[in-house]
Structures are given as C-alpha cells and as structure tokens.
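Inspection log for the structure reproduced underneath, given as structure tokens.
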Amino acid sequence: MGSWLRLLLLLSLAGNVFAADDAKDLSSGQIKGSVAPLVLLSQFKPLAIASGTFVQKKYFTVLKNPVISNGELFLDQALGFVWHTSKPIASTMILKEEGLFSIDHRQQQKQINNATPIATVLMSALSGDLAALESQFSLATTSLTKAAPSSQTCIELTPKDAVIAKVMRVIELCGKDTVDHLVLFETSGNRTEIELSLTAVDELPKAIREQL
C-alpha cells in the first residue's frame, strides 16, 4: 500500500464536511444532560509528556472489514509528537516546530505541506490540552460509539477554525482520566477509530527527542 499507508493518519484527519444526513444523525445522538461538555472535558488529565501504543482501525464504506494498523506514540507539548506505525508497514509521522513530516519504511523523509494545523489539533486532543481544544472547537456531549466502553465519557468536537473546518467536521473523544478512544468522521462515510494507551512520563527517550 506504500505511501497511502504512510499517510493513513493524515488522510483520516483530512476529511471534508459531513454530508447533511451524516451531520443530522450525529446531532440526534447528542446527550442533553445537565453536565456541561467543558466540565466533562476537564476530567481528562492533561499529558504534557507521554508515550504509549495505539491501534488504528480505518473503516471504508467499500470494504467489509477495517484496515488495521498499530504502533507507538510519543508526544511532548513543548516539542511535538512522533507517531510510529510498526504494522502492517513501518512508517513514521513527526510533528515538530518546522512542520509535519513523514518517513517511509526506506527512511526517506518528506514534509507534508499545509497539514500542520490538523496535526496540531490531533496532539491537543491526545494530550488533553483543554485550553487549545476549547479555543478551536465547540463542545457537546455525545452518545458512546459502539467501540467505546460504557464507563467512558465521550465528547464531540466541532471545529470553529475555518482552516480546520475545511478538512474535518467532527472529532469524538472518549476516556476516563485521559483520552483513550478517538474517532474521526469523514465526508465520504469512512471513519477512523484509534484506541490509545498513553502514560505520562518525565522525559521522552533521547532517540525520540532528537527527532523533534
């Protein structure tokens, strides 16, 4: 699958606005509870520096089963993040001050233009950066996805920023103390579900810091 797999995460984030029927279905699933979404979001503990693993399932309308990938994730709010896919094909995406970069299984690196705002949003979502999310999104409580455990809190984020709104309609975050389930919906009807297992650490490994 070559370069397509290397950019799987980026393409997941680069969906356009939902079709009208999809948006209608989403809004009908919102919970009209008494707890404000911002209060729920504040329950997620911010992760200034963290590392862990992920399992990503990409659902295509034309395929019966999802395309599954997994790997490791490293993030530092002050430096950026490293998203390394180990299976099915090794690849890495790196967000740092200079922009967003992809590295393929041949260790060839190239910059991905015009994608930094979207990648920055992803890091804010993963790290539970409350201030960044509140400034860029409208928040609403939402019904749980089928993949999310019933004990989790789920929040729907609708972008305010025009640049972000051009490429995504809604992000759903679920978790207890930290975000451990992320869903991105795309205009085509495809969706991406990401299961996360992140742990706060004092410092990222030297080899990772050198990439940032």
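Residue numbers -19 to -1, 1 to 193, in mature numbering (1 follows the signal peptide of the UniProt record, and there is no 0), belong to the letters of the sequence shown in order. For each residue, glycine too, the CB sits at the ideal point set by N, CA and C.
query, result
"Counting along the chain, where does the alpha helix (DSSP H) carrying R190 start and finish?", "187 to 192"
"Going by other Cβ atoms of all chains shown within 10 Å of its Cβ, with 16 needed for buried, is A121 buried or exposed?", "buried"
"From the DSSP output, which residues share a beta bridge with V102?", "Partner(s): none; V102 has no beta bridge."
"How many whole angstroms separate the CB atoms of V151 and L138, which I take to be in contact at a CB cut-off of 8 Å?", "7 Å"
"Express the C-alpha separation of I93 and L81 in angstroms, rounding to a whole number.", "6 Å"
"Is the beta carbon of I75 less than 7 Å from the beta carbon of H86?", "no"
"At what residues does the beta strand (DSSP E) containing A121 begin and finish?", "118 to 122"
"Classify V43 as buried or exposed, calling it buried when 16 or more other Cβ atoms lie within 10 Å of its own Cβ.", "exposed"
"Using three-state DSSP, classify E176 as helix, strand or coil.", "strand"
"Out of Y40, P47, A31, point me to the one whose CA is closest to R172's CA.", "Y40"
"Under the three-state reduction of DSSP, which class applies to K147: helix, strand or coil?", "helix"
"For the beta strand (DSSP E) containing G170, name the first residue and the last one.", "Note, G170: premise wrong, no beta strand (DSSP E); not H, not E."
"What's the gap between the Cα of A113 and the Cα of S105?", "6 Å"
"Going by beta-carbon coordinates alone, are L154 and F55 separated by less than 7 Å?", "no"
"Which residues in the same chain have their Cβ closer than 7 Å to the Cβ of F118, if we skip the five residues on either side of it in sequence?", "L138, T139, P140, K141"
"Can you tell me whether A31 is helix, strand or coil according to DSSP?", "strand"
"Does the Cβ-Cβ distance between Q192 and V102 come in under 7 Å?", "no"
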